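A.B. asks:
Protein chains: 2
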Amino acid sequence: MHLVMDGYGADPKRLQDEALVHELLEEYPDAIGMTKVSEPFVYRYDTGSVPTDWGVSGFVLIAESHISVHTFPDRGYLNVDIFSCKAFDSEAAVRELKGRFGIDSVKTAVLDRGLEEFAENRPASDLPVGASGITLS
Amino acid sequence: MHLVMDGYGADPKRLQDEALVHELLEEYPDAIGMTKVSEPFVYRYDTGSVPTDWGVSGFVLIAESHISVHTFPDRGYLNVDIFSCKAFDSEAAVRELKGRFGIDSVKTAVLDRGLEEFAENRPASDLPVGASGITLS
Numbered sequence: 002m003h004l005v006m007d008g009y010g011a012d013p014k015r016l017q018d019e020a021l022v023h024e025l026l027e028e029y030p031d032a033i034g035m036t037k038v039s040e041p042f043v044y045r046y047d048t049g050s051v052p053t054d055w056g057v058s059g060f061v062l063i064a065e066s067h068i069s070v071h072t073f074p075d076r077g078y079l080n081v082d083i084f085s086c087k088a089f090d091s092e093a094a095v096r097e098l099k100g101r102f103g104i105d106s107v108k109t110a111v112l113d114r115g116l117e118e119f120a121e122n123r124p125a126s127d128l129p130v131g132a133s134g135i136t137l138s
Numbered sequence: 002m003h004l005v006m007d008g009y010g011a012d013p014k015r016l017q018d019e020a021l022v023h024e025l026l027e028e029y030p031d032a033i034g035m036t037k038v039s040e041p042f043v044y045r046y047d048t049g050s051v052p053t054d055w056g057v058s059g060f061v062l063i064a065e066s067h068i069s070v071h072t073f074p075d076r077g078y079l080n081v082d083i084f085s086c087k088a089f090d091s092e093a094a095v096r097e098l099k100g101r102f103g104i105d106s107v108k109t110a111v112l113d114r115g116l117e118e119f120a121e122n123r124p125a126s127d128l129p130v131g132a133s134g135i136t137l138s
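Protein sequence lines correspond, in order, to chains A and B. Numbering-wise, the first sequence is residues 2 to 138 according to the numbering used here. Numbering-wise, the second sequence is residues 2 to 138 according to the numbering used here.
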């Protein structure tokens, strides 16, 4: 289960707070029953050619999945991916993220990935690239 | 632009090859004009409660985005995310991945994320959580 969230109108101060991003990546896997297999990695990016593209990026590897965060303080925008082999409450996750970063509005999608890995008969031929194969729910 | 790909029927030997995952994460950002801001991190996971859930996970942070890979050799399955602020040729990326891991069939989606970050008027009220807000193309 893979939650992708784009958040708009977020608090710029919180979006540039590396400690806040680290805290999320440290705490959240436990909160939804996932096992961290790396320490959180948090990086402040400000060397790009577009001045408003600076921000904080963070990532933590969990068992066969991950959580990532990329923030853009000057735009009040961030994106978060929570990708887990286990199901989790995506609405609770979005509420949690909105609270932590003071997010005004969100767009989200939940991707059910890898559903065919248990299928007995996999198609030998390729599915067309770009076909809507990854289920949105 | 965020390419999510699930690959099935892949070569188990390649899926367990940490060097191959590292090589992809090392080379691919340059190949599509992205700037790595971390070294690739590759981890072999085999401590879970489900024996067939072992595999290789890898991640590299690129400027305000990332590439991630999670493989499941016993299932011939892997998933890859290529998330970039810049547009890239997603069909070429899928071809590249299929070649590197001997993938039989894929399911893919391309998410256009953050499109509203440039919008003049952001909605003050929240969009309903779970609304199909992240455009699939």
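Beta carbons: idealized from backbone N, C-alpha and C, even for Gly. Model, not experiment: these values are computed from the prediction.
(1) Taking C-beta pairs closer than 7 Å, name the residues in chain A that residue 46(B) reaches, listed in chain order.
(2) Can you give the Cα-Cα distance for residue 7(B) and residue 10(A), rounded to whole angstroms?
(3) Does residue 15(B) come within less than 8 Å of chain A when only Cβ atoms are used?
(4) Do residue 79(B) and residue 71(B) come within 8 Å of each other at the CB atom, strictly closer than that value?
(5) Bridge partners for residue 71(B) per DSSP, in chain order?
(6) According to DSSP, what are the bridge partners of residue 6(B)?
(7) For chain A, find out if any of its Cβ atoms is closer than 8 Å to the Cβ of residue 90(B); answer yes or no.
(8) Does residue 51(A) come out as helix, strand or coil in the three-state DSSP assignment?
(9) Any idea what DSSP makes of residue 87(A), helix, strand or coil?
(10) I want to verify the contact list: residues of chain A whose CB lies under 7 Å from the CB of residue 101(B), in sequence order.
(11) Going by alpha carbons, who is nearest to residue 85(B) out of 15(B), 29(B), 18(B), 20(B)?
(12) Taking 6 Å as the limit between beta carbons, can you name the residues of its chain near residue 124(A), skipping five residues before and five after?
C.D. replies: In short, the structure shows the following:
(1) Here the neighbours are 38, 64, 65.
(2) In this structure, the straight-line span from the alpha carbon of residue 7(B) to that of residue 10(A) is close to 32 Å.
(3) Not an interface residue.
(4) It is a contact, given that the beta carbons lie within the stated cut-off.
(5) DSSP lists 58(B), 80(B) as partners of residue 71(B).
(6) Residue 6(B) pairs with 81(B), 109(B).
(7) Not closer than 8 Å to any Cβ of chain A, the Cβ of residue 90(B) fails to qualify, so no.
(8) If DSSP states are grouped into helix, strand and coil, residue 51(A) belongs with coil.
(9) Coil, per DSSP.
(10) What residue 101(B) touches in chain A: nothing, since even the nearest Cβ is about 15 Å away.
(11) Ranking 15(B), 29(B), 18(B), 20(B) by Cα distance to residue 85(B) puts 29(B) first.
(12) Residue placement at residue 124(A) is flagged as unreliable, the pLDDT there being 39, under the threshold of 50; the coordinate-derived value follows with that caveat. No residues qualify anywhere along the chain.
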